[in-house]
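Participant: Right, I'll just put the structure down here and ask away after.
2 protein chains.
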Amino acid sequence: MVVFTPSGKRGHFATGTPILTAARKLGVDLDSVCGGRGICSKCQIQPGFGEFSKHGLTSNETALSDWNSVEQRYKDKRGLLDGRRLGCQATVQGDIVIDVPPDSQVHRQVVRKAASARAMVMDPAVRTYYVEVAEPDMHTPTGDLERLGTALKEQWDINGITAGMSVLRKLQPVLRKGKWTCTVTLHKGHQDSVHRILDIAPGFNEMRLYGLAIDLGSTTIAAHLTDLRTGEVAASSGIMNPQIRFGEDLMSRVSYSMMNPGGDVEMTTSVRMALNALTDTLSAEAEIQPAQIMEAVFVCNPVMHHLLLGIDPVELGQAPFALATSKSLSLHAGDLELSCMNPAARIFILPCIAGHVGADAAAVALSEAPDQQDELTLIVDVGTNAELLLGNKTKVLACSSPTGPAFEGAQISSGQRAAPGAIERIEINTTTKEPRFQVIGCGFWSDEAAFDAAIATTGVTGICGSGIIEAVAEMRMAGLLDSKGLIGSPVQTGTARCILEGRTHSYVIHDGTADGGPMITVTQTDIRAIQLAKSALYAGARLLMDEMGTDTVERVVLAGAFGAHISPKHAMVLGMIPDVPLDKVTSAGNAAGTGARIALCSVTARAAIEVTVRKIIKVETAIEPKFQEHFVNANAIPHATDPFTILRSIAPLPDALFNTQGSGDGGGRRRRRAS
Amino acid sequence: MVVFTPSGKRGHFATGTPILTAARKLGVDLDSVCGGRGICSKCQIQPGFGEFSKHGLTSNETALSDWNSVEQRYKDKRGLLDGRRLGCQATVQGDIVIDVPPDSQVHRQVVRKAASARAMVMDPAVRTYYVEVAEPDMHTPTGDLERLGTALKEQWDINGITAGMSVLRKLQPVLRKGKWTCTVTLHKGHQDSVHRILDIAPGFNEMRLYGLAIDLGSTTIAAHLTDLRTGEVAASSGIMNPQIRFGEDLMSRVSYSMMNPGGDVEMTTSVRMALNALTDTLSAEAEIQPAQIMEAVFVCNPVMHHLLLGIDPVELGQAPFALATSKSLSLHAGDLELSCMNPAARIFILPCIAGHVGADAAAVALSEAPDQQDELTLIVDVGTNAELLLGNKTKVLACSSPTGPAFEGAQISSGQRAAPGAIERIEINTTTKEPRFQVIGCGFWSDEAAFDAAIATTGVTGICGSGIIEAVAEMRMAGLLDSKGLIGSPVQTGTARCILEGRTHSYVIHDGTADGGPMITVTQTDIRAIQLAKSALYAGARLLMDEMGTDTVERVVLAGAFGAHISPKHAMVLGMIPDVPLDKVTSAGNAAGTGARIALCSVTARAAIEVTVRKIIKVETAIEPKFQEHFVNANAIPHATDPFTILRSIAPLPDALFNTQGSGDGGGRRRRRAS
């Protein structure tokens, strides 16, 4: 009796059966690249000896064959951990328990960050196989490729292969150099009927293969170079999207294309060049060859999607926001002029959900799996354009909302990108109305003694996105800002930090002018920009809740790199997100990037998200009459009509109105702005 | 009752059923591109009225509906032949006989040249379809491509489409320009699981589509631009293969690649440039746009095959003559840098039979179908390298034989290419030993009065390939040449036309030196070159006959452009081909080119030849010990041991031997020379 752990699979085998053979017969997940030739060591197993009452057997040292010459040579030359054996060489001699360690499992699980507490199963589209190919025979002439196909069929049960020109060109010299043995890199996507040979190397080749998980955003492009066997990230890097010079947000890029013939081609070229540069950077950082990069998976919003593909995004700028194609795409690296990877590398682009809800939202859905939640979960991917998903096991809804760039610190008078010197945390004393703050790159609060020395090199330079959210929320809680978003006068607020600038007031957070630094204030215009952004976000969420037939959600997940830094309490004071217990607000980090990594590592996940995306119910904010009503009501801080009962139990929200003459200048109509 | 002719299919249909619908229900082959909208006129039918005793019905004018407005408008604007109706508009009103004219059949037969008496069925990989696509809907967002796929499924029952980048880029503007109607060009090869969109045009588009059937030879490249709907050849052209500058024959090109690093790339680039130039020439001649060329089918020998693909042919220069790939290939035009056709055009390359028997031989097998013959048929494709097929319904054998370029007039002292001024016919009077001849471009014999005037512009410039065969055979029959291939002296032959040149004799055919023209002779060296070539050819045929277990064949087919000009009797006197009745020797013209055309016009034929090629038994002349023995025996004219009984009954073959001292200088050993 042979028992495999952790699977618990068991069976009887003839004496002399290799452990690898036994594992395969039982369907135990035991890896092998060389097909049992004692070369690759991927089939390492750990025999257990002693009495196993749980399994009802006792095993002794003779239950496994002695070390044969192949196994001994491998150990002498390459080394093996104590207690490990090669599953293809060690044979069954009696009852035994065999443990398959995680690194010997093909479909090993990779534990992802604790936040989501879900594991990622390795099931990549790209894998390598070692094969021995029959030599050519003049009497039964066949091509080298055909004999390679036969070998893959016989040795790996792989049916059907194709090869592109780059492989065809090197096939003959490689087979001869390897003396009719080779390591082939095969690719099979979730919709492919045959395996595609991406590369071939002579003999047994242990070169690690990598893939790129790329989150192509309007503002930044982030990529993770990922080991396709282990799922580990070997290097991560991000660069600015060079399309910014054609327009800060998506609609301005669409406009650029409409106004400038060939403008779309310019933008396509610029982003592809940036991707090549980014790939080069990652290869250098991880010290790998470009030829080791075999696949890239993209997630992006629909406009980035079309510009990456070289499709003019003009249709995405106007109703009915028609996508050229919405399904996932499997392409050749050359199709996108991505030249800094293996010449045969493949591209996978996740499906788009709708004309405003792209493959990035699909990636968030893959990462956060709203369709598998019991609780009704709102997922907010905060960026220049916000994507929202609302759902649980019964159904999932999606929409996008044009928040604009205020949440990223843009269009804010003292706003800046998240960089050392930027205020990211702020507290305002409700009695004294005095602020204290933290800046990025410094662990001290501004009222602590060590602060000034700690920030000596960076200074205090501005407010980043999460800082401005805290600032506005703190101002509201401290009674410096009324529910309509008006900053009070020094008299109304009782603090000289509220200063008159023109016809409105600003709140001074930090005056660095004495040291030649900036005066950092929150102006009335800043407040209005934040109100516009948060109203759009909340109105989108409300629209989804309407469609779901509910006034409440049970859980909120903040996604996006920025989402990771938002304080849930302050976001709720602002009325960015619906009223839920604070412990039900979690951050998913860059969920879109995580979704890209999951898709890179698993074709099963690709197939699943394709099905999921088709089931998601799309809600179009641009044409929904109630969006405007929700938007106006959401202009108040936190909200004009929704009670926010949970929030009010934990946060002071003074009722004073500073302008008693009317509705003030808050809210109002605005046109759709997407990006 | 509706009866369709010529198929004879019949059925009952409700009054008002369109004829096109009735035809589809019965599986009658009635074409339609617009899907029954009265636009394309491909479904034209010819109703028959009167008494049809054969079909057991009588039909009158009321059996078909009156002309409706769509049909009438089509006739007024575009015209219809008398008696024709549109099958999609005319409806059943009573018993009727409907003839489907050939031009309305999708799978129409195209009668090929009388020689082969077989018809070609149109079943191209590329076809166009008119579809009406649903407009985008914000409430159920899908991509334009996905809605086009739905339309093709619903309107044409086409399941599964893919689109390359060039189509994706133009998809959105085309659909909008066509007001959500379009004509799509789809491609589906015999091994494809889905249709590939090659192109898309707004609205109903009648642009004719073309394909190229290309016979890529070592010396010449011939191409036929073929209408993919009718199978008609719109233009044909040929150019020299520019690789000739790297080596006249195949082995010298393989050597060039071995001796010069990057030499294979040079040769690949040169042939691809030539193909682009040839394509341009054909487009210009037929006055079509490059974008109308949607597919190219290639046939070629293995070395040309590899060089076209950009694969170093070095392995084909040495045993075991391994091909990189032997199966048929389906590629993108860009893979071969073929830029003078539609950017999405497809390439199909026929399968190779073996390392020396290429896709050109496969094309000959497709054209001449030895596997469907009752008679044991030897097919000889005469070129620089000869391919031989021997077989009948029971089995087919193949080999190649390195004849060298002598049969093409190369390596012959007075040899030249077939061009005006070249001697192509020759007769030698068996009594006077005087020759008379015809030259290309002139209908008169040289002893006719009008000859001199007729050749005034061209002169008599040399001897072409078929001329040299006739000259040598006529010399043998006139007793100027003995069976060992030795030219006799003036004394031995009784003619002063046998002149001494060095130590051997030459026979003077034409002395133009008085007029400043050439002296045209057949030298002893010429005879030896012809002997080497014909011995190789005959030895190959004998090897196949051995393998088949026979000493005779029943039919000989001469293929190759040159084969069309060879006189069967003279070829037999020379002992090029086995002894068969003269009326059993036929010419198939450029059978490889015909095979390429068949494959271009029919995916069914592609699938069939792929199967046939795998069944063909390959005989490798290079390693067969008996080849040398056959080669030596075949050196005699016609043959040292084979009786040639039929030939001797119709041609004088004097027994004299001019050199009685020994074996002379004929025959001897030679190394393999392939090209």
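Going line by line, the protein sequences match chains A and B. Start counting at 1 in the first sequence, then tack on 723, and there's your number in the working numbering. Start counting at 1 in the second sequence, then tack on 723, and there's your number in the working numbering. Even glycine gets a Cβ: it sits at the ideal position worked out from N, Cα and C.
Tell me the rounded alpha-carbon separation between A:I1340 and B:C763.
Facilitator: 40 Å
Participant: First and last residue of the beta strand (DSSP E) that includes B:A1264?
Facilitator: No beta strand (DSSP E) holds B:A1264; the alpha helix (DSSP H) holding it covers Q1247 to M1271.
Participant: Using C-beta distances below 7 Å, list every residue in its chain close to A:L787, excluding the 5 sequence neighbours before and after it, in chain order.
Facilitator: P770, R808, A813, Q816 and I819
Participant: Measuring only the C-alpha atoms, how far is B:S952 from A:F1071?
Facilitator: In the sequence on display, residue 952 of chain B carries Arg and not Ser. If I take the Cα positions, the gap works out to 36 Å.
Participant: If you compare alpha carbons, which of B:A997, B:Q1134 and B:H735 is closest to B:L1030?
Facilitator: Nearest C-alpha to B:L1030 among B:A997, B:Q1134 and B:H735: B:A997.
Participant: Comparing alpha-carbon positions, which option in A:M1295, A:I1321 and A:E1347 lies nearest A:T1368?
Facilitator: A:M1295
Participant: Apply the 10 Å Cβ neighbour rule to A:N882 and answer buried if 16 or more other Cβ atoms are within range, or exposed otherwise.
Facilitator: exposed
Participant: Closer than 9 Å by beta-carbon distance: list the chain B residues that pair up with A:T1399, in chain order.
Facilitator: As shown, chain A starts at 724 and ends at 1398. That puts residue 1399 of chain A outside it, with no answer to give.
Participant: Thinking C-beta only, is A:D950 closer than 8 Å to A:R919?
Facilitator: For the 8 Å CB-CB criterion, A:R919 and A:D950 do not form a contact.
Participant: B:K1400: which of B:L1005, B:N1358 and B:A746 sits nearest, CA to CA?
Facilitator: Limits of chain B in this structure are 724 at one end and 1398 at the other, which puts residue 1400 of chain B out of reach.
Participant: Any idea what DSSP makes of B:I967, helix, strand or coil?
Facilitator: helix
Participant: Of all the CB atoms in chain A, is at least one closer than 8 Å to the CB of B:R1394?
Facilitator: Because the pLDDT of B:R1394 is 44, which lies under 50, any placement of that residue in the model is unreliable, and the question is left without a value.
Participant: For B:S1051, return the contacting residues in chain A, with the cut-off set at a CB-CB distance below 7 Å.
Facilitator: Those within 7 Å of B:S1051 in chain A number zero; the least Cβ separation is about 11 Å.
Participant: Given this structure, state the Cα-to-Cα distance separating B:V1080 from B:E1343, to the nearest angstrom.
Facilitator: 9 Å
Participant: From B:A1045 to A:Q895, what distance separates their C-alpha atoms?
Facilitator: 9 Å
Participant: For the beta strand (DSSP E) holding A:C1122, just list the boundary residues, first then last.
Facilitator: V1119 to S1124
Participant: Measure the CB-CB distance between A:A1252 and A:Q1134 and report whether it falls below 8 Å.
Facilitator: yes
Participant: Could you spell out the range, first to last residue, of the beta strand (DSSP E) harbouring A:D987?
Facilitator: Per DSSP, A:D987 lies in no beta strand (DSSP E); the unbroken alpha helix (DSSP H) holding it starts and ends at G986 to A1009.
Participant: Is it the case that the segment 953 to 973 of chain B contacts the segment 1083 to 1093 of chain B, given that we only count it when at least three CB pairs across the two stretches are under 8 Å?
Facilitator: no
Participant: Which of the residues in the segment 912 to 924 of chain B, read from start to end, lie with their CB under 8 Å from any CB of chain A?
Facilitator: Sequence-ordered contacts of the segment 912 to 924 of chain B with chain A read S916 [C-beta pairs closer than 8 Å].
Participant: Give me the residue from B:R796, B:Y979 and B:G1318 with the minimum Cα distance to B:A946.
Facilitator: B:G1318
Participant: Return yes when the Cβ of A:I1250 is within less than 8 Å of the Cβ of A:V1103, no when it is not.
Facilitator: No Cβ-Cβ contact shorter than 8 Å links A:V1103 with A:I1250.
Participant: Let's see if you can read the secondary structure: which residues bound the beta strand (DSSP E) around A:D1234?
Facilitator: T1227 to D1234
Participant: Would you tell me roughly how many angstroms separate the C-alpha atoms of A:I1146 and A:D1234, rounded to the nearest one?
Facilitator: 13 Å
Participant: Please classify B:G1298 as buried or exposed, where buried requires at least 16 other C-beta atoms within 10 Å of its C-beta.
Facilitator: buried
Participant: What residues in the segment 854 to 888 of chain A have a beta carbon less than 8 Å from any beta carbon of chain B?
Facilitator: Per Cβ criterion, the list reads E858, P859, D860, M861, H862, T863, P864, T865, G866, D867, L868, E869, A886, G887 and M888.
Participant: Please list, in chain order, the residues of the segment 1334 to 1364 of chain B that have any C-beta partner in chain A closer than 7 Å.
Facilitator: K1341, E1343 and I1346
Participant: Can you list the residues of chain A that B:R892 reaches, using a CB-CB cut of under 9 Å?
Facilitator: One finds L1032, G1033, I1034, D1035 and A1047 in chain A with Cβ atoms closer than 9 Å to the Cβ of B:R892, taken in chain order.
Participant: Using 8 Å as the limit for Cβ to Cβ distance, is B:A1109 near chain A?
Facilitator: no
Participant: By DSSP, does A:H913 sit in helix, in strand, or in coil?
Facilitator: coil
Participant: Relative to the ligand HEM, is the shortest distance from any of its heavy atoms to the C-beta of B:V1279 smaller than 7 Å?
Facilitator: Although the ligand HEM was asked about, the structure shown includes no ligands whatsoever.
Participant: In this structure, how does DSSP classify B:G1132 when only helix, strand and coil are distinguished?
Facilitator: coil
Participant: If the criterion is Cβ atoms closer than 8 Å, does the pair B:I1192 and B:L1203 meet it?
Facilitator: Not a contact, by the Cβ cut-off of 8 Å.
Participant: Would DSSP call B:L1380 helix, strand or coil?
Facilitator: coil
Participant: Residues in the same chain with beta-carbon distance under 8 Å from B:T1154, minus the five sequence neighbours each way, listed in chain order, please.
Facilitator: none
Participant: For A:N999 versus A:S1051, is the C-beta distance shorter than 8 Å?
Facilitator: no
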